[in-house]
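Protein chains in written order, with numbering that gives the first Met the number 0: chain S, 0 to 288; chain A, 0 to 288; chain X, 0 to 288; chain B, 0 to 288. We put the beta carbon where it would ideally sit given N, CA and C, even for glycine. For clarity, every value in this text was computed on a predicted model and none was experimentally measured. Scroll down for the structure; my scribbles are underneath it.
Number of protein chains: 4
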Amino acid sequence: MDIGFIGLGGMGRAMAENILKAGHRLRVWNRSRERAEPLAALGAQVVDTPAAAFAGDAVFSMLADDAAARAVFDASLLEQAPRDLVHVNMATVSVALAEALAHDHAARGIHYVAAPVMGRPDVAAAAKLTIVAAGPAEAIDRVQPVLDAIGQKTWRLGSLPQHANVVKLAANFTLAAAVETLGEASALLAGHGVAMTDFLDVITSSAFPGPVYAGYGKLIAQDSYEPAQFKARLGLKDVRLALAAADACTTPLPVASVVRDSLLDALAHGEGDMDFAVLGRVAARRAGR
Amino acid sequence: MDIGFIGLGGMGRAMAENILKAGHRLRVWNRSRERAEPLAALGAQVVDTPAAAFAGDAVFSMLADDAAARAVFDASLLEQAPRDLVHVNMATVSVALAEALAHDHAARGIHYVAAPVMGRPDVAAAAKLTIVAAGPAEAIDRVQPVLDAIGQKTWRLGSLPQHANVVKLAANFTLAAAVETLGEASALLAGHGVAMTDFLDVITSSAFPGPVYAGYGKLIAQDSYEPAQFKARLGLKDVRLALAAADACTTPLPVASVVRDSLLDALAHGEGDMDFAVLGRVAARRAGR
Amino acid sequence: MDIGFIGLGGMGRAMAENILKAGHRLRVWNRSRERAEPLAALGAQVVDTPAAAFAGDAVFSMLADDAAARAVFDASLLEQAPRDLVHVNMATVSVALAEALAHDHAARGIHYVAAPVMGRPDVAAAAKLTIVAAGPAEAIDRVQPVLDAIGQKTWRLGSLPQHANVVKLAANFTLAAAVETLGEASALLAGHGVAMTDFLDVITSSAFPGPVYAGYGKLIAQDSYEPAQFKARLGLKDVRLALAAADACTTPLPVASVVRDSLLDALAHGEGDMDFAVLGRVAARRAGR
Amino acid sequence: MDIGFIGLGGMGRAMAENILKAGHRLRVWNRSRERAEPLAALGAQVVDTPAAAFAGDAVFSMLADDAAARAVFDASLLEQAPRDLVHVNMATVSVALAEALAHDHAARGIHYVAAPVMGRPDVAAAAKLTIVAAGPAEAIDRVQPVLDAIGQKTWRLGSLPQHANVVKLAANFTLAAAVETLGEASALLAGHGVAMTDFLDVITSSAFPGPVYAGYGKLIAQDSYEPAQFKARLGLKDVRLALAAADACTTPLPVASVVRDSLLDALAHGEGDMDFAVLGRVAARRAGR
């Protein structure tokens with residue numbers, strides 16, 4: 000297929016590489032061109048404008064946040080795009096923006112698919128991402144081979160693109176709550192002189208298997224948060240988006256508010272670029288340790 | 000071995016049966032004698048006083064709460080007990096009570112082992128409980144064959160009995176936080192018209208495998224909380240104990256306070272005997288649904 | 000003085016009337032012209048565009064929210080305005096917008112004064128508002144006679160306009176926290192069968208005199224929230240702005256998050272147009288009453 | 000009248016002095032006798048047992064906490080007391096203890112009056128306390144002359160003693176919430192470079208007059224918490240009692256939970272003996288300042 004790719008941060012570049020490896024033609028654009036160059040060596044065509052990438056059979060995008068997406072996917076870009084193009088937005092954006100983009104694309108005959116992903120850059124590099132996709136079924140069918148080159152599994156969530164974003168934000172909120180809980184539990188254990196590792200052995204062997212409790216728990220047990228695999232400030236971004244999505248449907252999320260405050264505490268203490276697990280240090284700090 | 004057993008609620012009776020099946024002699028006591036009778040049919044000797052059970056090689060206990068334990072394990076009981084007896088307390092009690100009982104037993108030459116368990120009555124019946132045990136190593140060694148008849152695995156947490164209680168309370172707090180989080184996530188999803196089951200499929204297949212997210216999530220998705228497997232009021236009891244243990248070491252647990260308030264809301268609405276998953280209904284109620 | 004006035008809601012109209020009564024010439028603009036007409040009968044000139052009002056010696060504005068302010072005070076309006084004009088923005092807007100407007104006005108040689116007010120429409124009608132003003136000292140000096148026609152006291156908070164907005168939001172947060180506290184206290188008292196009025200008599204005669212505790216407390220005691228003097232949805236708007244201002248300086252405000260959730264609960268139950276004191280009903284609902 | 004007085008801490012001693020000054024005969028008892036001696040110089044009779052004080056026309060008590068009250072007012076003390084004695088308990092105790100004491104006294108024909116007070120030691124010394132009294136009307140009538148010697152006003156709250164305790168705890172919760180709010184507001188203001196004193200001038204001149212906002216606000220503005228007028232650890236005791244009273248009637252008090260966590264943070268940082276206003280420092284610490 001003839002594919003465009005917009006946004007080559009750590010996640011985007013790994014995805015773009017896997018699309019190339021799968022044999023597709025790829026035009027790539029990034030705001031700072033030097034991040035695009037390594038892909039040229041792999042066969043991609045580096046283009047100078049988002050519009051040049053926003054063409055062909057489908058375009059994939061992975062921009063940093065709502066502001067970047069709003070700036071790039073503006074009216075003029077959509078106006079010049081070929082009708083029937085499929086745009087697959089894999090970034091974690093707000094539900095409100097997803098709704099607005101879906102509307103704006105449809106008004107111009109462009110198919111908008113929301114397909115946010117779960118997994119860190121190393122998972123993206125291994126093409127093992129979990130993808131939650133929503134949008135017009137036919138459009139998703141068309142890009143499914145590309146999604147298969149990026150992830151290990153695509154979950155289909157119906158025809159309204161923003162539903163994929165809601166699920167992604169709910170999942171990230173669940174993650175944030177679990178890490179905050181581990182941090183608080185760690186502070187409780189430390190207060191009574193019990194080793195966090197003993198606790199983790201018990202719960203990860205019984206009720207709480209899986210990567211989250213074992214992985215973040217280990218970082219908290221070691222009180223070691225650098226280098227970050229997933230930065231606290233990115234976790235805060237996701238919690239803010241979850242709170243905004245909940246606000247939009249007048250739904251209180253009290254645990255999300257607690258995590259938000261703990262993450263603000265982390266950022267205020269210069270820990271924003273540390274791993275999300277630094278919530279363990281925040282909980283310890285509250286307890287004077 | 001010659002064993003006493005005190006406290007024959009749903010959990011206690013299942014444990015006592017498994018001890019009998021493993022071939023041990025068993026004297027059993029319960030405040031209301033009729034709950035003890037069925038065990039007589041299996042070969043147990045029903046006794047009339049806690050003191051008659053508090054003898055032999057070892058005594059196991061599974062009383063409902065701190066108040067029951069304080070009432071039974073009083074100074075006169077300990078005074079008349081044989082020196083060198085091992086008392087294994089499997090109930091979820093406060094850290095403060097565990098410390099007090101450990102002190103009082105030691106003062107009279109009785110070995111006190113805290114061995115709270117994880118698992119519901121059906122798990123107890125299947126002898127598959129997870130046991131966290133702490134206390135004098137030699138005492139635990141002596142009763143290990145009995146623990147093996149009750150559970151599938153015993154985690155050893157050192158020589159201070161209360162450390163087992165801290166781990167148990169931290170684990171239950173982790174459970175409570177996960178259920179509250181599922182409830183809040185469910186309210187967020189419903190607010191945007193997304194099916195809870197779609198969300199559960201995604202997270203239980205990726206970051207959150209294991210029985211907690213799948214099991215409680217399913218109850219919330221079905222909005223079905225009766226009959227309860229684990230009652231909301233028992234969950235509240237555990238969260239209160241976690242908060243008390245944290246207070247004792249001046250450690251804030253903000254997520255635990257949130258869960259406590261949600262559980263109070265459940266009880267205030269007559270949902271105390273429903274399953275712990277009723278936190279999903281509480282979150283929906285806050286959102287006017 | 001020759002004065003423009005933009006935004007004639009309940010508060011704006013009362014202020015505009017007092018400016019007229021003080022003998023100033025007034026051009027008024029409102030998005031829906033019919034709200035402006037009654038002022039014509041008092042001598043105001045109704046104009047058709049914001050630009051026609053944004054002229055003369057000074058212009059005062061009282062628009063509903065950030066979105067309205069952004070829409071009206073855009074680049075083209077500022078571009079055509081006379082240099083040296085003083086713009087006094089009396090609305091409660093976000094700190095971020097106040098900073099942006101201050102910057103945009105200064106870039107075009109227009110003086111921007113933030114002068115948010117405290118008091119409800121009846122206080123505005125009586126010209127008894129409390130005004131907190133910040134911006135260039137000389138500009139405030141110039142409009143002080145007009146401010147004196149609107150309020151009973153102007154507090155000067157330095158030369159940075161956004162400082163006035165921060166103080167206003169902190170004051171509204173303080174109010175919101177007090178009302179939430181009264182609501183929770185009321186639920187506690189009711190739970191023990193104690194009359195809220197007895198409690199109010201005690202605290203308003205001792206530690207908590209003043210209009211807030213007596214006034215909102217009385218509404219809660221009567222469980223009577225209509226007609227609203229200050230609507231719950233406006234209170235939520237202010238709490239959101241306080242949280243946003245705190246987020247911008249990485250400052251957790253846990254009490255504000257609690258109030259936000261209670262207000263979302265109110266709106267979700269169709270109580271958004273009831274008086275702010277409806278937080279008492281929310282607290283009672285949480286307690287199953 | 001012939002009066003006994005039990006408990007001579009800072010508050011108790013001031014009250015006892017005022018009773019003496021009013022011309023009553025006074026027998027005083029304190030656990031450590033040396034605190035009682037200064038009253039002997041003023042004419043009081045120092046006695047060696049609580050029982051010796053628990054006699055005469057009426058006995059007043061002001062013990063530190065529930066544990067002290069339970070230890071002193073036990074079955075044997077009540078058993079030997081004269082029938083028809085009036086016991087006025089002025090301490091801040093739990094609602095549960097108030098109920099229990101009311102029951103135990105009534106069972107032995109002793110009149111139990113709960114009369115907790117509002118005000119610090121300097122207010123007690125000036126005989127300006129605010130008293131909230133509940134219990135048998137005739138009993139209160141009998142001791143009213145003594146209450147008039149201690150306080151400036153007695154509020155009567157009906158015949159159930161515990162109602163006075165509920166009002167007292169609700170009032171202290173209101174105070175705690177106001178101080179926490181001031182602390183959070185201070186952190187918000189500081190984050191934007193606004194002086195706390197400017198904010199205080201505005202709110203204490205308008206919506207929030209009275210001693211609480213001005214007094215605690217000033218301490219926070221000065222970041223000066225020693226010597227304490229009301230210690231943070233005593234504030235925490237009161238918040239715990241409010242939460243326990245709310246728990247007993249299944250009433251969530253989310254703001255109280257927030258204040259509790261902030262106070263635990265203070266104690267964990269060695270600030271327990273500083274003034275309650277140290278909540279301002281806790282809020283600043285969360286914001287990294």
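- Here G150(S) is buried, its C-beta having at least 16 other C-beta atoms within 10 Å.
- Three or more Cβ pairs drawn from the region 9-20 of chain B and the region 38-47 of chain B lie within less than 8 Å of each other, which places the two stretches in contact.
- In this structure, the beta-carbon distance from E183(X) to V254(B) falls below 7 Å.
- Here K167(A) is buried: its Cβ has 16 or more other Cβ atoms, across all protein chains shown, within 10 Å.
- Y212(B) sits in a helix when the DSSP states are folded into three classes.
- Put simply, the CB of H268(S) is near chain B, with a gap under 7 Å to one of its CB atoms.
- If you look at R26(A), you'll find it in the beta strand (DSSP E) that goes R24 to W28.
- Listed by position along chain S, the residues whose Cβ is nearer than 7 Å to that of F207(A) are T173, G209 and V211.
- One Cα belongs to E36(X), the other to D65(S), and the distance between them is close to 42 Å.
- Contiguous alpha helix (DSSP H) elements confined to the region 86-125 of chain S occur at 94-106 and 120-124, taking only those with 4 or more residues.
- Rounded to the nearest whole angstrom, the C-alpha separation of A138(B) and G55(B) is 14 Å.
- Cβ atoms of A133(S) and H102(S) stay farther apart than 8 Å, at about 14 Å.
- For S223(A), the closest of A286(A), A245(A) and D274(A) by C-alpha to C-alpha distance is D274(A).
- CA-CA distance, T249(S) to G6(A), rounds to 47 Å.
- Contacts with chain X at 7 Å (Cβ-Cβ) do not include S93(S).
- Put simply, the CB of I139(A) is far from chain S, with every gap to its CB atoms at 7 Å or more.
- With the rule of 3 Cβ pairs closer than 8 Å, the region 234-246 of chain A counts as touching the region 170-178 of chain A.
- For T196(B), the secondary structure class from DSSP, reduced to helix, strand or coil, is helix.
- Scanning its chain for C-beta atoms nearer than 7 Å, with the 5 sequence neighbours on each side dropped, one finds around P120(B) the residues G9, M10 and A13, in chain order.
- In the three-state scheme derived from DSSP, where H, G and I count as helix and E and B as strand, K230(B) is classed as strand.
- Interface residue (Cβ-Cβ distance to chain X less than 7 Å): L242(S) is not classified as such.
- Under the 7 Å criterion on CB atoms, I202(S) is classed as interfacial with respect to chain A.
- By the Cβ test, the region 81-88 of chain S is in contact with the region 106-115 of chain S, since at least three Cβ pairs between them sit closer than 8 Å.
- Only buried fits T153(X), as 16 or more other CB atoms lie within 10 angstroms of its CB.
- Residue state for A43(S) is assigned as coil, using DSSP reduced to three classes.
- Residue range P253 to A267 is occupied by the alpha helix (DSSP H) that includes D260(S).
- Contact between A213(A) and D272(A) does not hold, since the beta-carbon distance rounds to 23 Å and is not under 8 Å.
- Around the beta carbon of G269(X), a 10 Å sphere encloses fewer than 16 other beta carbons of the protein chains shown; the residue is thus reported as exposed.
- According to DSSP, A132(B) shares a beta bridge with R155(B).
- Between A175(A) and L218(A), the gap from beta carbon to beta carbon reaches 7 Å or more.
- In chain A, no part has a C-beta under 7 Å from the C-beta of M89(S); the shortest such distance is about 15 Å.
- Residue nearest to L76(S) within the set E98(S), A97(S) and R107(S) is R107(S) (criterion: CA-CA distance).
- With respect to the 7 Å criterion, I2(S) and L25(S) are classified as neighbours on the basis of their beta carbons.
- Neighbourhood of V166(X) in chain B, by CB distance below 8 Å: L188, V193, D197, F198 and V201, in chain order.
- For F172(B), the enclosing alpha helix (DSSP H) starts and ends at P160 to G190.
- In the structure shown, D65(A) falls within a helical segment according to DSSP collapsed to helix, strand and coil.
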